[in-house]
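S.K.: Residues 910 to 998 in our numbering are what the sequence shown spells out, letter by letter.
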Amino acid sequence: MLWKLGTKKNEKPEDYVHHKLTIEAYNRTYQFHINSIPSQEYWEHHEGLPCLPPPYKSPIGRPSKKRKKDNSEQKILGANTMPRENIAR
């Protein structure tokens with residue numbers, strides 16, 4: 910339909926566009942400037958519910974095969990590996 914715009918005399922594209930999409934409406938929206946606050950010490954403190962992050966949900970998918978070993982368990986080396994302390998430098 911856009912190719913038909915302007916085929917009749919005295920037609921303007923502004924007649925077919927919503928008034929909130931004009932440059933004037935954009936300029937009215939962003940005419941005010943909000944200054945940033947330099948640090949948290951200037952933030953207003955309020956009473957009420959604290960802003961907390963959303964609860965953690967474990968990711969979807971197959972769980973990992975390896976279990977998390979405790980620090981008290983010894984590290985078992987494979988058949989083809991050697992502990993680092995025995996390596997000559």
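Cβ atoms here follow ideal geometry from the backbone N, Cα and C, with glycine treated the same way.
Restricting to Cα atoms, I'd like to know which of K977, L930 and S948 is closest to T938.
M.R.: Measuring from the Cα of T938, the nearest candidate turns out to be L930.
S.K.: Should H942 and A934 be called a contact, given that it needs their Cβ atoms to be closer than 8 angstroms?
M.R.: No, they are not a contact pair.
S.K.: What is the rounded straight-line gap between the Cα of W952 and the Cα of G970?
M.R.: Cα to Cα, the separation comes out at about 41 angstroms.
S.K.: Along the chain, where does the alpha helix (DSSP H) that runs through T938 open and close?
M.R.: Where T938 is concerned, the enclosing alpha helix (DSSP H) stretches over I932 to T938.
S.K.: On the three-state DSSP scale, how would you describe H928?
M.R.: Here H928 sits in helix by DSSP.
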